[in-house]
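Numbering (the numbering used here), first residue to last: -16 to 807.
For glycine and all other residues, C-beta sits at the position ideal for the given N, C-alpha and C.
For clarity, every value in this text was computed on a predicted model and none was experimentally measured.
The structure appears below as structure tokens.
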């Protein structure tokens, strides 16, 4: 029978309820429909531990709650709210559950359940259970789980746990970081492995291909319960070691470890090993006493020793130190400064000594910072030394002749001069220039010229003594040093030998060549106390030798230096003369010998310097010739002379011939014909009014080429004259081939024609020769009537000189000519 059956008698029912309540393991109290306490067991009293006055029959539910709420660590306002909420629920006979903390710290779970009779509420059953042990276990479990999460999240590896359905159960932040997954991907549960695979496939983690097909393949592999391990390199460059460990109940744990640094370190180690094994430099690893611990293969190739023959021995058994260096001093240097480098010799196993570049570096112990090892690096520099020697030879020797060059010459002088000063020796320096070399080089070509220079170098080397020194400065200039001579006559002897040696013909490319030297000699210490001054003075003496007729030698004298300085000063100023409008033209009229009627004018160059005044042509024209400035000046004279004649014709002068002197350098230029044509075109002067006066020596430098040039000029309509005829050497065989119109008798033959029968014979012979060749003759320098009469009486065609007119400036020349030869 149900102990709570309402059909029993009240006494019986009470007794039965008490028996049932007492037998329950929980504390139980029964409240009637008025929420007054009617029945309770000892467990209820023990559980709640309320004072007797609060646990009596008829105690209202709310009065029972108030002392309980006072022990729940609630604020008064919160306690009343709590009591009111529970009381309202009880009045409505609603099921309720709450926890209560006893004064002794026990935790109780209180359940309120309605008592119904025939479906109607008839009371309230309140039961309590001590859940302190359960709460302690739950708290312990919570702490363990919290600790586990902290441990998992603090692990340097990524952890991810997937269940049998491949749903993400657990993961740490490191897993997201290493796999480069966003937190949003795992923010909502459940997270499937498939969604992670799909995320990676869509961003290209698994390479090209259909993302869905890649995901299906990966999922199928993940469902197989086998352990897996592989390396994966992400697009960001990070390399991961990923392990999959299957679980017994299904699912698996994935462990990700960042091995980027280990992989890089391994690669660096492998690279270092490759470098160590394959570098061409020898690498020796030693202990702190420089005993060999290991060597690379290149060390064996450099030294000739096998590794086993070197290990255990000190490095100093290989290298040859240079005094005062010792093994002890070198060890101390490396130990104190950390490194040493230099070039020494190493003795190979064969006994051969080879040069090596060495660098030794100290390696310190990481813990103590004391020297623990040393690394010696050896590089065979034999080829470099040989290359340096070749480069020094190239830098100090002439490529064409193999003789020492200017640099080597200066270095040799720097070596010899201190010895000469210390021992009070005399020393000679000979500056040699080849005569006519430029003509040969320009006409026959550089190949012939080079062959000639090589032969000259050989002859010079053969003539000098073993103690002497010969060098080529460049072009056709050579220098010979004669150290420790007894007297200047010793230098003269060598100079004569050189002249004799170079006087012999030279065969080059099928041509028989002839040259001669002009030699300048300076003596140390009389002519200079340093290398520069000795060379300079020898150069000055060489120019003096050229002026003295070439093919000779001249010793330096102070007067030469003065002349050379003056020459350099003139050259410097002359280079700016055209730009500064310092040059001007004067004109000397030419006349028929019979009627004194003007036939032309000769343009004469004058130089008016702003500070030096008028500089005579015989001072600056030779300098212009030697330096080549004459080419520019000659073109200026030619153009301005032609322009002047056209200006005079425009001003009312009858057309006259304009004679312009042409230098040998101008004539040698290949574009000379084009220059003349350009001047005529620019000035507008008819070609037949221009006469080019060319010296006899100029056309005889290279007669064959002169014929070609003169013929081309003649075809233009320009008239040609041989100037200073008789002062040089000319072959009549060539003379008759030159397309010239006029011979000009030099003033040196005219000056004494009245008294010197030889000069008279030359002048009259020149006239006869010219007429026999169909040429006209003009005599310059006519200053007296007797000279004029003699020349006219012997058929001279034209005359020029102070007897008729001195050279005049352009205005005076026009006035003079216009008065005698006006336009018709």
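| Check | Outcome |
| --- | --- |
| Near the ligand ATP: residue 452 beta-carbon under 7 Å from a heavy atom | You won't find the ligand ATP in this model; it holds no ligand whatsoever. |
| Span of the beta strand (DSSP E), counted from its first residue to its last, around residue 677 | 673 to 678 |
| Endpoints, the beta strand (DSSP E) within which residue 212 is located | 211 to 216 |
| Cβ neighbours of residue 491 in the same chain (closer than 6 Å, five flanking residues each side left out) | 431, 434, 435 |
| Cα-Cα separation, residue 563 to residue 608 | 20 Å |
| Residue range of the unbroken beta strand (DSSP E) whose run includes residue 499 | 499 to 507 |
| Where residue 352 sits in the DSSP three-state scheme | coil |
| Alpha-carbon spacing of residue 65 relative to residue 83, whole angstroms | 12 Å |
| Contact set for residue 384: own chain, Cβ-Cβ below 7 Å, skip 5 residues either direction | 436, 437, 440, 455 |
| Burial state of residue 260, where buried means 16 or more other Cβ atoms lie within 10 Å | exposed |
| Exposure label - residue 413; buried when at least 16 CB within 10 Å | buried |
| Exposure of residue 179, with buried meaning 16 or more beta-carbon neighbours within 10 Å | buried |
| N- and C-terminal bounds of the beta strand (DSSP E) containing residue 153 | 151 to 154 |
| Through-space distance from residue 694 to residue 803, alpha-carbon basis | 34 Å |
| C-beta atoms of residue 488 and residue 416 nearer than 8 Å | no |
| Residue 401, DSSP secondary structure in three states | helix |
| Close beta carbons around residue 810, own chain, < 8 Å, minus the five adjacent residues each side | Residue 810 is absent from the structure shown; the chain starts at -16 and stops at 807. |
| Start-to-end residues for the beta strand (DSSP E) that takes in residue 816 | Outside the displayed range of the chain (-16 to 807) lies residue 816, so it cannot be described from this structure. |
| From 241, 306, 215, 205, residue whose alpha carbon lies closest to that of residue 233 | 205 |
| Span of the alpha helix (DSSP H) around residue 512 | Per DSSP, residue 512 belongs to no alpha helix (DSSP H) and is neither H nor E. |
| Residue 629 - containing beta strand (DSSP E), residue span | No beta strand (DSSP E) holds residue 629; the alpha helix (DSSP H) holding it covers 612 to 633. |
| Limits of the alpha helix (DSSP H) - the one that residue 441 falls within | 429 to 446 |
| For residue 90, three-class secondary structure by DSSP | strand |
| Cβ-based neighbour list, residue 629, same chain, cut-off 7 Å, excluding 5 preceding and 5 following | 666, 667, 668 |
| Assigned exposure category for residue 714 - 16 Cβ within 10 Å defines buried | Reliability fails at residue 714, whose pLDDT of 49 lies under 50, so the model's placement of it is uncertain and the value that follows must be treated cautiously. Flag for residue 714 reads exposed. |
| First and last residue of the uninterrupted alpha helix (DSSP H) at residue 282 | 280 to 286 |
| Classification of residue -11 by the beta-carbon crowding that lies within 10 angstroms, buried from 16 upward | Confidence is the limiting factor: at residue -11 the pLDDT is only 44, short of 50, which leaves the residue's position unreliable, though a coordinate-based value still follows. That one is exposed. |
| Spatially closest choice to residue 606 from 558, 28, 342, by CA coordinates | 558 |
| Collapsed DSSP secondary structure at residue -10 in the structure displayed | With a pLDDT of 47 at residue -10, under the threshold of 50, the modelled position of this residue cannot be trusted; read the value that follows with caution. It is coil, neither helix nor strand. |
| In DSSP terms, what residue 328 is bridged to | 303, 338 |
| Best match in 616, 313, 368 for proximity to residue 589 [C-alpha to C-alpha] | 616 |
| Residue range of the unbroken alpha helix (DSSP H) whose run includes residue 748 | 740 to 755 |
| Bridge partner(s) assigned by DSSP for residue 550 | DSSP output for residue 550 lists no bridge partner at all. |
| Coil, strand or helix - residue 85 by DSSP | coil |
| For residue 26, the first and last residue of its enclosing alpha helix (DSSP H) | 25 to 31 |
| Classification of residue 691 by the beta-carbon crowding that lies within 10 angstroms, buried from 16 upward | exposed |
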